[in-house]
């Protein structure tokens, strides 16, 4: 007896799908205000909005198949093109790259309700512009990354012969803008006090604040990476950024305490949410959006790493030491990204006085 089609949740992509006529169809991302996805007695608790799309899709007649010679993409729909690209990316690219593409592509499909039926070659730049304009809080860098994800899928499809031309190849992208925001000690005190002690998100942020690790590193730390006896988290080259050398995150103080606390009860990932699921970029961004509603300030995960570097530089640590702790190959990135110190004048004057042998005497004010 054939199995009845019903919506199912794909955890890795944080989205709802259904299989119809042997083809997987994307129904949409999980609404952040809905209960967490759960499977009970063989069925998923799909939200109402997902079930509406499911019923609409199942009631729709099958699309007419155009002759291959008359349809240059062979009947490839937009959703299928994205699925093929993401499947390939998951196998051949880093987890960080894959997650970045998944987030943007699923958000675009959520906006473009006809993605499951639209022929891939019918996509036009204005479809993407309308999607971007619907999100007024997205900055130029985020918009650039979103366009890049969609264009990359079409470039890939053209390279492999799934389509004969790329309809969005010439679409222009805004210039990236460097994020100069960093978490100060005062910011951190407010953020930390917003969450109760033991909250999974608070512990994730606290670890980032104390260790200076990259957000993707914190999310992907596994139990096998943790070496409490040596006081380090060691990520092998093939799993680290750049894939050239070991990434060593040194554990001291509160960071060591958090790692020691979480390790005994962790089965795979060291940091998971209240449901025991690994953190995703989408889930973390949702938490920061909620935090913004309370505090009135939009923070982001990388700002904790920037704050870590800022604290070390202001304390007098040399740039090569800070670069090593951050996992940089040399001090070039440090000089380029963290040259905007909030207290740079006092910091530089203090170094200048030390070099001149004048100690820490005050500089006369004009």
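Residue numbers (full-length UniProt numbering): 1 to 366.
No residue lacks a Cβ here, since even glycine has one placed at the ideal position from N, Cα and C.
In this text the structure is predicted, and so the values were computed from the model without any measurement.
Supposed contact pair residue j and residue i - C-beta distance, whole angstroms, cut 8 Å
i           : j           : result
residue 283 : residue 182 : With a Cβ gap of about 22 Å, residue 283 and residue 182 do not count as contacting.
residue 58  : residue 20  : 7 Å
residue 121 : residue 167 : 6 Å
residue 93  : residue 201 : Not quite, the Cβ-Cβ distance comes to about 27 Å (not below 8 Å), so this is no contact.
residue 241 : residue 214 : 7 Å
residue 109 : residue 101 : The Cβ separation is near 12 Å, so there is no contact.
residue 163 : residue 147 : No, residue 163 and residue 147 are not in contact; Cβ-Cβ is about 18 Å, not under 8 Å.
residue 231 : residue 208 : That pair is no contact at about 18 Å.
residue 327 : residue 247 : 5 Å
residue 10  : residue 46  : The Cβ separation is near 12 Å, so there is no contact.
residue 222 : residue 269 : 6 Å
residue 217 : residue 235 : 7 Å
residue 95  : residue 140 : At roughly 26 Å, the Cβ-Cβ gap does not stay under 8 Å, so residue 95 and residue 140 are not in contact.
residue 335 : residue 319 : 7 Å
residue 35  : residue 49  : Contact doesn't hold; Cβ gap of about 13 Å is too wide.
residue 271 : residue 219 : 7 Å
residue 118 : residue 77  : 6 Å
residue 285 : residue 279 : Not really, about 10 Å apart at Cβ, beyond 8 Å.
Three-state secondary structure (DSSP) of residue i
i           : result
residue 4   : coil
residue 16  : strand
residue 41  : coil
residue 366 : Residue confidence is low: residue 366 scores 44 on pLDDT, short of 50, so the model does not pin down where it sits. No coordinate-derived value is stated.
residue 24  : strand
residue 314 : helix
residue 77  : strand
residue 307 : helix
residue 278 : strand
residue 30  : coil
residue 329 : coil
residue 72  : Here the model assigns residue 72 a pLDDT of 44, short of 50, so the residue's position is not dependable and the matter cannot be decided.
Range of the contiguous alpha helix (DSSP H) that encloses residue i
i           : result
residue 11  : Element bounds for residue 11: n/a, residue is neither H nor E.
residue 370 : A question about residue 370 goes unanswered here, because the residues of the chain that appear run from 1 up to 366.
residue 322 : 319 to 326
residue 293 : 281 to 295
residue 143 : 140 to 160
residue 58  : 48 to 59
residue 219 : 215 to 220
residue 300 : Premise fails: residue 300 is in no alpha helix (DSSP H) and is neither H nor E.
residue 208 : 200 to 211
Between the stretch 303 to 316 and the stretch 132 to 144, can you find at least three pairs of beta-carbon atoms closer than 8 Å?
No contact exists between the stretch 132 to 144 and the stretch 303 to 316.
Entirely within the stretch 229 to 271 and at least 4 residues each: give me those alpha helix (DSSP H) ranges in chain order.
253 to 262
Inspect the CB distances between the stretch 38 to 50 and the stretch 81 to 99 and report whether three or more fall short of 8 Å.
no
Which ranges would you report for the alpha helix (DSSP H) in the stretch 97 to 145 if only whole runs of at least 4 residues count?
Counting whole runs of 4 or more residues, the stretch 97 to 145 contains the alpha helix (DSSP H) stretches 125 to 133.
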